[in-house]
Amino acid sequence: MNHPHHLDVVVAGLAVADVIGRPVNPRSLPKRGGLKLIDSITLATGGNVSNVGVDLAKLGFRVGVITRVGADSLGRFITQNYRAFGMDTEGVIVDASEQTSATMVIVDRSGERTFLHTRGCMKHFRASDVLDHLPLLRKARILAFGYLGLLPETEREFEKLFQALKLKTGLKILLDSAASPRVSSQALKGFLPFVDYFFPSYEEAVMITNRKTPEAIIQYLRNAGASDVVGVKLNAKGCFIATRDRSEYVRPRRVARVVDATGAGDAFVAGFLGATLRGLDPFKAARVANAVAADCVTAVGASTAIKPLERYI
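Residue numbers (the working numbering): 43 to 355.
The following block contains the structure:
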């Protein structure tokens, strides 16, 4: 990490307070007005800004954030958590007009999650929130932005935003996706040429491209203008990564038991970016990313089990 920048990565986009209950079978909830005892209820930070940002900080990198929180206890909890991990919170915008974005996360015994979400102040997040923080962005080497699929107002500005960022900062840009991203081929062709790294999950990639195999998905993304590293996260099967001249299935690292899959995709992103910042090629970086994601699912919470990068290389 010996370079003239003061930060390694700025993570921008969605910050959420997660209330995580486990174990809960969503098919056997108590009847209306009833009560059911569960093992644990935990308050944690979530969203790509929290998950990718905290993961990168725990891996050993210098992180700045750009997001919105409400002027409430959840917003203060999120901001204090970032500061506890040494993250630069200059770009945290306090929005008094709405509550902090929050999610109720129900985790079953297999680690699979079900979500109830309120967007809160993230409804007001716009490209201008990012572009107003150019001095912060110029301190970093990479911008990790998310999520495609959960910021519909901002998505309409992606082409303008990413083009401006390339022109004014020269940052490498990673775009993170989540939930059920629906994007037209025209919109994709508008912003994807400015994105350096894009790794949707298989389910997200199928929704975006209407293609069924990783190879066909990658070809669709190339045709839409993807010019650098693209891939498909394949959950327990690892990932499929492609550069312009090479593609490869990268095997997963096995885990004995999945406790909580919250944040696994973001852990992959953090692992990939961390390994890339250390100079690894995309395929070696994907192996590190798989290992970080595997650790993520062994404990409750998105970032609980993440270790320093040296443990994964």
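Every residue, glycine too, gets a C-beta built ideally from N, C-alpha and C. Keep in mind it's a predicted model, so treat the numbers as computed, not measured.
DSSP state of residue i mapped onto helix, strand, coil
i, result
"F119", "helix"
"K100", "helix"
"K279", "helix"
"M129", "coil"
"F167", "coil"
"M43", "Residue confidence is low: M43 scores 39 on pLDDT, short of 50, so the model does not pin down where it sits. Its coordinate-derived value is still stated next. M43: coil per DSSP, three-state reduction."
"S5", "This structure cannot settle anything about residue 5, because the visible part of the chain is limited to 43 through 355."
"G273", "strand"
"A59", "strand"
"G307", "helix"
"A284", "strand"
"G313", "helix"
"Y354", "coil"
"P294", "coil"
"P194", "helix"
"L49", "coil"
For residue i, the residue or residues it bridges with in DSSP
i, result
"I135", "R110"
"S82", "R64"
"A54", "I108, F187"
"S289", "A284"
"T318", "According to DSSP, T318 bridges with nothing at all."
"T87", "A59"
Cβ separation of residue i and residue j, assumed to be a contact under 8 angstroms, to the nearest whole Å
i, j, result
"V52", "G88", "Contact doesn't hold; Cβ gap of about 18 angstroms is too wide."
"G162", "E140", "5 angstroms"
"V274", "F282", "5 angstroms"
"A336", "V297", "5 angstroms"
"L85", "V61", "6 angstroms"
"L234", "A266", "5 angstroms"
"L101", "A312", "6 angstroms"
"L179", "L213", "6 angstroms"
"L190", "M164", "Actually they do not touch by this definition, with Cβ atoms about 14 angstroms apart."
"R293", "G280", "5 angstroms"
"V330", "L322", "7 angstroms"
- Query: Whole alpha helix (DSSP H) runs in the segment 320-352 with 4 or more residues, listed along the chain?
  - Reply: Segments of the alpha helix (DSSP H) lying fully in the segment 320-352: 324-338.
- Item | Every unbroken alpha helix (DSSP H) inside the segment 200-269 [4 residues or more] | Here the runs fully enclosed are 200-211, 227-233, 244-251, 256-265.
- Looking at C-beta atoms only, is the number of pairs between the segment 59-78 and the segment 181-188 that lie closer than 8 angstroms three or more? No: fewer than three Cβ pairs fall under 8 angstroms.
- Taking the runs of the beta strand (DSSP E) that are 3 residues or longer, which of them lie wholly in the segment 141-185? Qualifying beta strand (DSSP E) stretches, in chain order: 144-149, 155-160.
- Is there contact between the segment 228-235 and the segment 198-211, where contact requires at least three CB pairs shorter than 8 angstroms? Result yes; three or more Cβ-Cβ pairs closer than 8 angstroms.
- Query: Do three or more CB pairs link the segment 240-247 to the segment 216-225 at distances below 8 angstroms?
  - Reply: Judged by Cβ distances under 8 angstroms, the segment 240-247 makes contact with the segment 216-225, as three or more pairs qualify.
- Query: Does the pairing of the segment 285-292 with the segment 67-86 give three or more beta-carbon distances under 8 angstroms?
  - Reply: The segment 67-86 and the segment 285-292 do not touch, with fewer than three beta-carbon pairs separated by less than 8 angstroms.
- Contact between the segment 296-305 and the segment 147-167 (3+ Cβ pairs under 8 angstroms): Two segments are said to touch when three or more pairs of C-beta atoms, one from each, lie closer than 8 angstroms; by this definition the segment 296-305 touches the segment 147-167.
- Query: Are the segment 85-100 and the segment 55-63 touching, with three or more C-beta to C-beta distances below 8 angstroms?
  - Reply: Contact between the segment 85-100 and the segment 55-63 is present, because at least three Cβ pairs lie under 8 angstroms.
- Query: Quick check: the segment 316-331 against the segment 340-349, are there 3 or more CB pairs under 8 angstroms?
  - Reply: These segments do not touch.
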